[in-house]
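J.: A single structure is presented below for examination.
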Amino acid sequence: MARTITALFDTRADAEAGGARLRQAGVDASNVHVHDQGTHKTSGDYSTHEDRGLWASIKHAFLPDEDRHTYEEGIRRGGFLLTADVDDDRTSTAVDALENANAVDLDARSQQWREDGWDYPATQVGAFGRVDGADEQYGIRDPEYDGSRYRSYAAGTARRTDEF
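FYI, the numbering for the sequence shown is 1 to 164, going by full-length UniProt numbering.
Next up, the structure:
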C-alpha cells in the first residue's frame, strides 16, 4: 500500500529541495510533484467533492476537507505544495527526509490565516455515491507519520452519506 505525503513551502526552491530530499531517500522521482498556481487553477471557489480541482491531478490524494482546503489556500496565497506517493516501507525514511526541509508549519500558518479572517467552507452535505461499483477512496490522515510541517495519508475507503 502507498501513502501520500504532503508539505507546503513558501518558495519553489524549498519545495524542489524537499523533493530532492525525498528522491535521495529512495522515493521514485515519478511519484514526487510540486504544485503551484501556475499548474493549477486556485482562484475563486474551492474544490468540491464533485469537482476536486487541484486534487483530481494528484493520485491518491483525496484528503479530508480541512486539509484539502488549507492546502488550496496555501497555493492560492503563492505557496508550493509538494506531494509524494510513498510505499509503506519508505514512509519513515521519507518523513525523516522532510523533517528539516524548511516546510511551512501548516498548523501555525492556518491559525494565522484564521486570525486574519480566513476559514475553509463548511463540509458540503450529500452522498457522493460509488465509482464503477466501488466506494470512492479517501485518504485517512495517519497520526503515526503526521507533523505540523508535513502530513501523511494512508488510503482508506469511506462512503459518504447525508449523515456527514
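For glycine and all other residues, C-beta sits at the position ideal for the given N, C-alpha and C.
DSSP three-state label for D87, please.
T.: Residue state, collapsed to three classes: strand.
J.: Do L22 and A94 have their CB atoms nearer than 8 Å?
T.: yes
J.: Are the region 19-35 and the region 82-97 touching by the rule of at least three beta carbon pairs closer than 8 Å?
T.: yes
J.: Based on the DSSP output, what are the partners of A2 in its beta bridges?
T.: D87
J.: Report the residue from R109, I75, T70, R68 whose alpha carbon sits nearest the alpha carbon of G15.
T.: Note that residue 15 is Ala in the sequence shown here, rather than Gly. Looking at the Cα atoms, I75 is the closest of the given residues.
J.: With E72 as the anchor, note down where its alpha helix (DSSP H) starts and where it stops.
T.: 65-76
J.: In three-state DSSP terms, what is Y145?
T.: In the three-state scheme derived from DSSP, where H, G and I count as helix and E and B as strand, Y145 is classed as helix.
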